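So the sequence shown is numbered by my numbering: it starts at 917 and just counts up by one.
Where a beta carbon is used, it is the ideal one built from N, C-alpha and C, also for glycine.
Keep in mind it's a predicted model, so treat the numbers as computed, not measured.
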Amino acid sequence: MEFGEARKLASAILGEVRRVYVGKPELVKLAVATLLAGGHLLIEGYPGTGKTLLAKTLAKVIGGEFRRVQGHPDILPTDILGFHIYRLDGGREFVRGPVFTNVLMFDELSRAPTRTQAALLEVMQEYRATVDGVTYPVPRPFMVVATQVTPRVAVGAYQVMETLADRFYARAPSYYNPPEDEVEIIRRAHVVYDPPVERVTTPSEVLELTVSLDRVVHLSDAVAQYIVNLVTYLRNHEAVLYGPSHRASIHLAALSRVYALMDGRDYVIPDDVKALAVPVVAHKLRVREEYEAEGLTTESLVEEALRKVPVPK
């Protein structure tokens, strides 16, 4: 796919999702960018703020399949991946779980036990699921949109595993809409849970765009070094227990390419990186307890890095 075609496709997807989904333009842009980058999105917020609607709209816009899983303490890995049924003739049949889809909505991921969270590790990284020693590929594109209730108000929730959180390209908030947007939501109340969505592309075209990103959008050595300098600053910070992994750099570069594409450029600029640094990097590091007790957050550390790390000219 060439740049012009990729830009047109990205614009069409973003435009249709924004037409259907009321408000939160930055969340919508990040969600579409994550889809086009081939990644996964963790959304944090209160119940009833449109998270499921956003995930379902993404699937409909690309003509893909959508499945939903509800997190709870009793959910098992087989409830997500699937299981084998053994027949009397000695054969077996695989019953596919909801992970075999294009967009998987995992609602309240933090309420699932760590054993079940771990079932997502392979499929989110390698786009395949292994059940009873047999490996099955999942459809492509494949995107997990997971939600978690804001930790300070969550009751009966587990901690999302560090290794799992690291696989999410970005984490974004989804809180209440401003009053003017809520008025529009009320007007659309009769269709808000299942609004009509126009399919503007196909899953295969989305995958083609994803694999061509490195070629159609240029990332200069200077901007790549800027990304490395940002994550290195955080890794070496005295308040950081563990810093962002190499995935943070990879995810930041990939999403920056998509943001450049959405803005009509075939090259990444530092402003793309700045716009994405907090949602991409903040959930991939941990603050030491003594600093956390003083109110220091991962978001504020990333913002500090943006202020102090020199920007390439």
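In this structure Arg923 is in contact with Leu1177, their Cβ atoms being roughly 6 Å apart against a cut-off of 8 Å. Restricting attention to Pro1089, Val948, Phe982, Asp1187, the CA atom closest to the CA of Phe1022 is found in Phe982. Each residue's CA atom was taken as its position, placing Gly931 and Tyr1092 some 22 Å apart.
The shortest C-alpha to C-alpha distance from Gly961 to any of Pro1160, Thr1063, Val1189, Gln1141 is the one to Thr1063. An exposed status is given to Gln1041, since fewer than 16 other beta-carbon atoms sit within 10 Å of its beta-carbon.
With respect to the 9 Å criterion, Leu1020 and Thr1079 are not classified as neighbours on the basis of their beta carbons. Of Leu958, Ile1166, His1162, the smallest CA-CA separation from Ala1088 is found for Leu958. Between the alpha carbons of Val1133 and Val1184 lies a distance of about 7 Å.
Under the rule that a run must span 4 or more residues, the alpha helix (DSSP H) segments found entirely inside the region 970-1055 read 993-997, 1030-1042. Look at Tyr1158 here: in three-state DSSP terms it is strand. Here Thr1118 is near Ile978, since their CB atoms are less than 9 Å apart.
Excluding the 5 residues flanking it on each side, Lys1229 has no same chain C-beta neighbour closer than 6 Å.
In the three-state reduction of the DSSP assignment, Gly920 falls in the helix class.
Nearest to Asp1048 by C-alpha distance, out of Glu1009, Phe1084, Tyr1085, is Glu1009. Under the DSSP definition of a beta bridge, Tyr1183 partners with His1134. The criterion of a C-beta distance shorter than 9 Å is satisfied by His988 and Ala1028. In the DSSP assignment, Arg1087 falls outside any alpha helix (DSSP H) and lies within the beta strand (DSSP E) extending over 1086-1090. Here DSSP, grouped into helix, strand and coil, assigns Glu960 to strand. The three-state secondary structure of Val1060, taken from DSSP, is strand. Look at Val938 here: in three-state DSSP terms it is coil, with no helix or strand label. Nearest Cα to Asn1145 within the set Val948, Thr968, Ala1169: Ala1169. A direct Cα-Cα distance of roughly 27 Å separates Gln1141 from Arg1204.
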